[in-house]
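Notes for the one structure printed next.
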Amino acid sequence: MSTIDSTGAAQTTSQTSATSSATQQFGQEFNNFIKLLTAQVQNQDPLSPMDSTQFVDQLATFSTLEQQVQTNSSLGGISSLIGDLHTMFASEWLGETVTLESSWVPYTGSEVRYLTNTPDEADNAYLTVRNSEGELVWSEQLDMDDEVHTWNGQTNTGETASTDEVFEFNIDFYQGTEYIGLGAPQIITTITDVGSENGVLRFGTSSHLSADLYSVSKYSEPE
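Positions in the sequence shown are counted from 1; adding 38 to them yields the numbering used here.
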């Protein structure tokens, strides 16, 4: 003969009710957010488009809340919806010029353009380029007055670097003869592909480097 624990049953009913209430509240908040997002996208100034980063951050928060609340069929499409919104924002990034930090850069045959995160106290900077075996390929003192620096593939031997290699870029900073530290360049590149991975936008670039939304910055050429 089986028995029913009335205390356990009451707890289960209470937990189910609380979960249902939390789910309904979350669903309502999410619907309100989507309505707001849609309205802002439809009414944004085309000459000054909205920044998608803030919305992606909020979507990530909603995704976390979804995992905390007992998921049911009515919330099952949120991940898909987040992917759809990423696709909507893709047009904001495709073709955009950005910078991303990377010590390793594939040489494609086109000049590599980059910025330096120069410490305020530095008055000298030196670039070294090495191949995957660690062999020195190119070195030069950088002009501190230049905002944008370039490497056109030239090597110390006067030859041109191979286009099927990845090279390591390092920048050494000095104040006079005192060594300050090592830095990586901010590569200037163009977004050529937009995708989504684990709820985060990921980009392919013209420099054959990949990056996510949080590791790139939009860049405007100096006038």
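Glycine included, every Cβ here is placed at the ideal spot set by N, Cα and C.
Here the structure is a predicted model, which is why all the values come from computation and not from measurement.
Can you find the residues in the same chain that come closer than 6 Å, C-beta to C-beta, to residue i, ignoring five residues on each side of it along the sequence?
i, result
"P260", "E185"
"W189", "V150"
"G191", "Y145, T198 and A199"
"H187", "Y152 and L180"
"E178", "L165"
"G196", "none"
So, is residue i buried or exposed, given that buried needs 16 or more other C-beta atoms within 10 angstroms?
i, result
"W176", "buried"
"L239", "buried"
"Q224", "buried"
"G221", "buried"
"Y217", "exposed"
"S234", "buried"
Which partner residues of residue i appear in the DSSP bridge assignment?
i, result
"Y152", "H187 and I225"
"K254", "Note that residue 254 is Val in the sequence shown here, rather than Lys. DSSP output for V254 lists L138 as bridge partner(s)."
"E216", "Q213"
"W131", "Answer is none; W131 lacks a bridge partner."
"S245", "DSSP output for S245 lists no bridge partner at all."
"Y164", "Q179 and D210"
Of the choices the options, whose alpha-carbon is the least far from that of residue i?
i, options, result
"L180", "E235, N155 and E173", "N155"
"L165", "E159, E139 and F211", "F211"
"E203", "E235, S245, H187 and G196", "S245"
"V143", "S258, Y257 and T243", "T243"
"T215", "E130, T195, V136 and A163", "A163"
Going by beta-carbon coordinates alone, are residue i and residue j separated by less than 8 Å?
i, j, result
"L132", "A249", "no"
"I229", "F241", "yes"
"V232", "A128", "yes"
"M182", "D161", "yes"
"S140", "L247", "yes"
"T193", "G147", "no"
Heavy atom of the ligand COA less than 7 Å from the Cβ of residue i, yes or no?
i, result
"W142", "The ligand COA is not part of the structure shown, which contains no ligands of any sort."
Considering only residues of the same chain and omitting the five flanking positions on each side of residue i, which have a CB-CB separation below 7 Å?
i, result
"E173", "none"
"V136", "T227, I229, V254, S255, K256 and Y257"
"Q213", "E159, A160 and D161"
Can you find the residues in the same chain that come closer than 8 Å, C-beta to C-beta, to residue i, ignoring five residues on each side of it along the sequence?
i, result
"E171", "none"
"R168", "L174, V175, F205, E206 and N208"
"E134", "T228, I229 and K256"
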